[in-house]
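**Q** This structure is in structure tokens; I'll ask about it shortly.
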Amino acid sequence: MRVKKIITLFTVAALTLGSLTGCGSSAGTDGKKSDASSKKVEITNVSYDPTRELYAEYNKIFQKHWKEKAGQDVSIIQSHGGSGKQALEVANGLQADVVTLALEGDVDAIKDAGLIDDGYVNEFERDSSPYTSSIVFLVRKGNPKKILDWSDLLRNDVGVITPNPKTSGGARWNYLAAWYYFEKQGQSEDEIKESMKKLYKNVLVLDSGARGATTSFVENKQGDVLLAWENEAFLSLDEHPGEYEIVVPSVSILCQPTVAVVDKVVDQRGTRKVSEEYLKYLYSDEAQKLEAQWYYRPSNEKILKEYSYKGSGNTIDKLPKDNKWIITDVDLTNIGHFGGWSEATKKHFSDGGVFDSIYEEK
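Numbering (the working numbering), first residue to last: -11 to 350.
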């Protein structure tokens, strides 16, 4: 993996959040005519927490692509935060032309608010999931607590950092990956709930999003292990060489972030064409390679293979010298195992669901 000039993980928010005030009237000088006749167009991408660096780079290549394709300059406003919280903001009126969120269930919440049309999952390839990820552990140098798998997170001497599944999409993937591990151990549902209760008893702080959790672990030095998206873990190795190690657990989950055009907004603002192309171009070879370079798993199988290898051991203490960082021989479940997001949300994350029953506020 080439060494990238990284925007500092913990200051990039100031560069990407921007002011969203007035977005509904700033599509271009002609409002609804902006797609066809304006020399300049502006769109807003509301995304989840850890994609800041990826979209800072992707927006540059898309601007060049759109200029060549349509002869039009495009500016992209970014908004980042916990995926569930972001979905709620859009449903409540935040003007997003596109959403690139951590999971399909969060996009469904916007659809249910009447802003996204039915069938959005089929609008783009791979169920509108241009890249995927998985959940790994980030530990401190030397792994002093010898944390190797999910069962170690139940020990009394281990402090865990993970975001809040009520507001963070990544946190929901973390939760389901842990649940799957205990299920694979042959535990009954009651036993799994008890294991999950022990795990969350060890959580020191529930941040609202994945980047906040990374800040708690890396900057504030809280906890012994961070449950993290792959890209967050690898960027931490890149930003802080020699300070952290990645532990790949024996089982995890294939995380499938989902993208969608916010139909009601783009039709009001006249930005449908550029918004659709913005998401479609995420599947281009150029974008897929960029996604892999920022430690997301590309959906293009050929490009995915270029970055994949069979792991030897489950600890990574430095960035790979070649492109290969994706370990392929890990048992990954997926959301289908839990009945899809509608069922998983109702059972685990809704008010009065399993998470509420196992988590005790500190």
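All residues carry an ideal CB built from backbone N, CA and C; glycine is no exception.
#1: Confirm, please, whether the CB-CB distance from residue 284 to residue 313 is below 8 Å.
#2: Under the assumption that residue 215 contacts residue 125 (Cβ atoms under 8 Å), give the Cβ distance between them as a whole number of angstroms.
#3: Can you list, in chain order, the stretches of the alpha helix (DSSP H) that have 4 or more residues and sit fully within the segment 116 to 176?
#4: In the structure shown, what three-state DSSP assignment does residue 68 receive?
#5: Counting pairs of Cβ atoms below 8 Å between the segment 129 to 149 and the segment 241 to 252, do you hit three or more?
#6: Which runs of the alpha helix (DSSP H) fall wholly inside the segment 172 to 259 and span at least 4 residues, in chain order?
#7: So residue 317 and residue 298 are in contact, right, with Cβ under 8 Å, and what is the actual spacing, rounded?
#8: Would you decide whether residue 80 is buried or exposed? Buried here means 16 or more other CB atoms lie within 10 Å of its CB.
#9: Among all the DSSP beta bridges, which residues are the ones paired with residue 319?
#10: Quick one: what's got a C-beta closer than 6 Å to residue 115's C-beta in the same chain, skipping five residues either side?
#11: Measuring CB to CB, does residue 98 end up less than 8 Å from residue 275?
#12: Go ahead and pull the three-state DSSP assignment for residue 30.
#13: Using the DSSP secondary-structure output, state which residues sit across from residue 303 in a beta bridge.
#14: Out of 196, 278, 174, 136, which one is the CA nearest neighbour of residue 159?
#15: What separation, rounded to the nearest whole angstrom, lies between the Cα atoms of residue 132 and residue 205?
#16: Which first and last residues belong to the alpha helix (DSSP H) in which residue 351 is found?
#17: From 277, 75, 157, 161, pick the residue whose C-alpha is nearest to that of residue 240; which is it?
#18: Roughly how many angstroms lie between the CA atoms of residue 101 and residue 264, to the nearest whole one?
**A** According to the structure shown:
#1: no
#2: 6 Å
#3: 157 to 172
#4: strand
#5: no
#6: 177 to 189, 198 to 202, 218 to 227, 251 to 257
#7: 5 Å
#8: exposed
#9: 239
#10: 109
#11: no
#12: strand
#13: 235
#14: 196
#15: 15 Å
#16: Since the first and last residues shown for the chain are -11 and 350, residue 351 lies out of range.
#17: 161
#18: 20 Å
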